[in-house]
Amino acid sequence: MNINQLRTLVALSECKSFSLAAEKLFLTQPAVSFQINSL
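Note that this note's numbering gives residue 89 to position 22 of the sequence shown, counting from 1, and the numbers run on in steps of one.
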């Protein structure tokens, strides 16, 4: 697990939505999904 995956996981738990977490992190939704799947 790297720091970006951890930040993504935290944002996802706060937002409870992949698309909202992606917006918060200035990423695309597929990038967020990929990082979570990499865990």
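By construction, the Cβ of each residue, glycine as well, lies at the ideal position given by its N, Cα and C atoms. Only a predicted model underlies this, so the values are computations on that prediction, with no experimental measurement involved.
Next on the checklist: In this structure, how does DSSP classify residue 91 when only helix, strand and coil are distinguished?
Outcome noted: helix
Next on the checklist: Looking only at its chain, what residues have a beta carbon closer than 6 Å to the beta carbon of residue 102, apart from the 5 residues adjacent to it on each side?
Outcome noted: 72 and 75
Item to check | Collapsed DSSP secondary structure at residue 79 in the structure displayed | outcome: helix
Checklist entry - Apart from the five residues on each side of it in sequence, which residues of its chain come closer than 7 Å, Cβ to Cβ, to residue 96? => result 85, 86 and 89
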